[in-house]
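Trainee:
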Amino acid sequence: MGAEQDERKADGGRPRRRWWRWLWRIPCALLVFSIVQVGVLRFVDPPFSSVMALRQLEAWGQGDWAYRIHYQWRDLDAMAASVPISLVAAEDQRFPLHNGFDLDAIEKALDHNAKGKRLRGGSTISQQVAKNLFLWQGRSWLRKGLEAWYTVLIEALWPKQRILEMYANVAEFGDGVYGVQAAAQRFWHKDAARLSAGESARLAAVLPSPRRYSATRPGPFVQRRADWIQRQARQLGGPGYVE
1 MGAEQDERKA DGGRPRRRWW RWLWRIPCAL LVFSIVQVGV LRFVDPPFSS
51 VMALRQLEAW GQGDWAYRIH YQWRDLDAMA ASVPISLVAA EDQRFPLHNG
101 FDLDAIEKAL DHNAKGKRLR GGSTISQQVA KNLFLWQGRS WLRKGLEAWY
151 TVLIEALWPK QRILEMYANV AEFGDGVYGV QAAAQRFWHK DAARLSAGES
201 ARLAAVLPSP RRYSATRPGP FVQRRADWIQ RQARQLGGPG YVE
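Be aware that the sequence shown starts at 1, since it is given in full-length UniProt numbering, and climbs by one per residue.
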């Protein structure tokens, strides 16, 4: 009897052990997938981002079947030199210096928000690329954790120029308008290579809320911010700062 009971216990444990083995394989597979995903996109230009796809699905879910995403890739060296320095001046002035996370900026944002002022983010350009390219909008610990992981991968596998190039192409500059090239064509009917310093600054100025603010009809806030961005770009040393 004892031998039979031991045999039944052994048989009952096998499915459980198999279940645990498969359970551990899932995160390992996701880990490998994310590494391959980021590695491939160092060399391959993405046809869309996760935020673009979700925005399109959101519009269709609201019954807006005519809604279309405007997106066209443009290499960094085919953009006006004022574009990358404007983005860095506006969003992440320590971009060439940090490894994906700017602790000083995060601390300042926390202090600012604790005073009850308008919420300010402390995300770097690398973190924003991680969110826009691979994840979704919104606030949650899960998303922030995945954002941190993808940021580490991006900084480890991509040069800084590729990160900045990706940001310039997947950032939203108007409702459904993603990337500098699509914005230049839609707003000013020109190529991104022909953007002026003022136009580049206005594109960067709307990034806090591109569906609320307009680069072509700038109100007082956008114009003040664009002027500030141009001053900051000059103080950083101009386009050479990000080369």
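Every residue, glycine too, gets a C-beta built ideally from N, C-alpha and C. As the structure is a computational prediction, the values presented were derived from the model and not from experiment.
Are the CB atoms of PHE173 and ALA183 nearer to each other than 7 Å?
Mentor: As a first step, residue 173 must be located in the sequence shown, where it is residue number 173. As a first step, residue 183 must be located in the sequence shown, where it is residue number 183. Cβ atoms of PHE173 and ALA183: closer than 7 Å.
Trainee: On the three-state DSSP scale, how would you describe GLU243?
Mentor: In the sequence shown, the residue the question calls residue 243 occupies position 243. In this structure, GLU243 counts as coil in the three-state DSSP scheme.
Trainee: Which term fits LEU195, buried or exposed, when burial requires 16 or more other beta carbons within 10 angstroms of its beta carbon?
Mentor: Residue 195 sits at position 195 when you count from the first residue of the sequence shown. Flag for LEU195 reads buried.
Trainee: Below 8 Å, can you find three or more Cβ-Cβ pairs linking the region 144 to 159 to the region 55 to 72?
Mentor: Because the criterion of three Cβ pairs below 8 Å is not met, the region 144 to 159 and the region 55 to 72 do not touch.
Trainee: Can you tell me which of the three DSSP states GLY138 falls into?
Mentor: One-based indexing of the sequence shown puts residue 138 at position 138. GLY138: coil per DSSP, three-state reduction.
Trainee: Would GLU58 be called buried (16 or more neighbouring beta carbons within 10 Å of its own) or exposed?
Mentor: Your numbering for residue 58 matches position 58 in the sequence shown. Per the 10 Å Cβ criterion, exposed.
Trainee: With DSSP run on the structure shown, which of helix, strand or coil describes VAL206?
Mentor: In the sequence shown, residue 206 corresponds to position 206, counting from 1. Reduced to three states, the DSSP call for VAL206 is coil.
Trainee: Whose C-alpha, out of TYR67, GLY100, ALA78 and LEU87, is nearest the C-alpha of ILE154?
Mentor: Along the sequence shown, one-based indexing puts residue 154 at 154. When each option's Cα is compared against that of ILE154, the closest is GLY100.
Trainee: By the three-class DSSP mapping on this structure, what secondary structure does TYR71 have?
Mentor: Stepping through the sequence shown from its first residue, residue 71 is reached at position 71. Here TYR71 sits in strand by DSSP.
Trainee: Per DSSP, what are the beta-bridge partners of TYR178 in this structure?
Mentor: Working through the sequence shown from its first residue, we reach residue 178 at position 178. The partner list for TYR178 (beta bridge, DSSP) reads TYR71 and GLU172.
Trainee: Could you tell me whether the Cβ atoms of ALA233 and ALA89 are closer together than 7 Å?
Mentor: The residue you call residue 233 lines up with position 233 of the sequence shown. The residue you call residue 89 lines up with position 89 of the sequence shown. Yes, the Cβ-Cβ distance between ALA233 and ALA89 is below 7 Å.
Trainee: With DSSP collapsed to three states, give me the class of LYS131.
Mentor: Reading the sequence shown from its first residue, position 131 is the one you call residue 131. DSSP places LYS131 in helix when its eight states are reduced to three.
Trainee: SER86 and ILE229 look like a contact to me (Cβ under 8 Å); what is the Cβ gap, rounded to whole Å?
Mentor: Indexing the sequence shown from 1 puts residue 86 at position 86. Indexing the sequence shown from 1 puts residue 229 at position 229. Yes, they are in contact, since the Cβ atoms of SER86 and ILE229 sit about 6 Å apart, within 8 Å.
Trainee: Report, in whole angstroms, the separation of the C-beta atoms of SER129 and VAL170, which I expect to be a contact under 8 Å.
Mentor: For the purposes of this step, residue 129 is taken as residue 129 along the sequence shown, with counting starting at 1. For the purposes of this step, residue 170 is taken as residue 170 along the sequence shown, with counting starting at 1. In the sequence as displayed, the identity of residue 129 is Val instead of Ser. Right, their Cβ atoms sit about 7 Å apart.
Trainee: For ASP77, count neighbouring Cβ atoms within 10 angstroms of its own Cβ and tell me buried if that reaches 16, exposed if not.
Mentor: Here residue 77 refers to the residue found at position 77 when the sequence shown is read from its first residue. Its Cβ having fewer than 16 others within 10 Å, ASP77 is exposed.
Trainee: Could you check what DSSP says for PRO218 in three-state terms: helix, strand or coil?
Mentor: Along the sequence shown, read from residue 1 onward, the residue named residue 218 stands at position 218. Residue state, collapsed to three classes: coil.
Trainee: Helix, strand or coil for MET79? Go by DSSP, reduced to three states.
Mentor: Here residue 79 refers to the residue found at position 79 of the sequence shown. Looking at MET79 - three-state DSSP - the assignment turns out to be coil, as it is neither helix nor strand.
Trainee: Closer than 7 Å, CB to CB, is GLN93 near chain D or not?
Mentor: In summary, chain D is missing from the structure at hand, where a single protein chain is found.
Trainee: Quick one: what does DSSP say ALA66 is sitting in, helix, strand or coil?
Mentor: One-based indexing of the sequence shown puts residue 66 at position 66. Of the three classes helix, strand and coil, the one that applies to ALA66 here is coil, per DSSP.
Trainee: So is GLY240 buried or exposed if we call it buried at 16+ other beta carbons inside 10 Å?
Mentor: Residue numbering aside, residue 240 sits at position 240 when the sequence shown is read from its first letter. Burial call: exposed.
Trainee: In whole angstroms, what is the alpha-carbon distance linking ALA201 and GLN223?
Mentor: Along the sequence shown, one-based indexing puts residue 201 at 201. Along the sequence shown, one-based indexing puts residue 223 at 223. Straight-line Cα distance between these residues: approximately 9 Å.
Trainee: Return the chain-ordered list of same chain residues with a C-beta closer than 7 Å to the C-beta of GLU147, the five sequence neighbours on each side being excluded.
Mentor: Within the sequence shown, residue 147 is the residue found at index 147, counting from 1. Contacts found: GLN127, ALA130, LYS131 and LEU135.
Trainee: Under 7 Å, do ASP175 and ARG225 count as touching if we go by C-beta distance?
Mentor: Here the question's residue 175 lines up with position 175 in the sequence shown. Here the question's residue 225 lines up with position 225 in the sequence shown. It is not a contact, given that the beta carbons lie outside the stated cut-off.
Trainee: Where TRP65 and GLY138 are concerned, what is the direct C-alpha to C-alpha distance, given to the nearest angstrom?
Mentor: In the sequence shown, residue 65 corresponds to position 65, counting from 1. In the sequence shown, residue 138 corresponds to position 138, counting from 1. C-alpha separation (whole angstroms): 24 Å.
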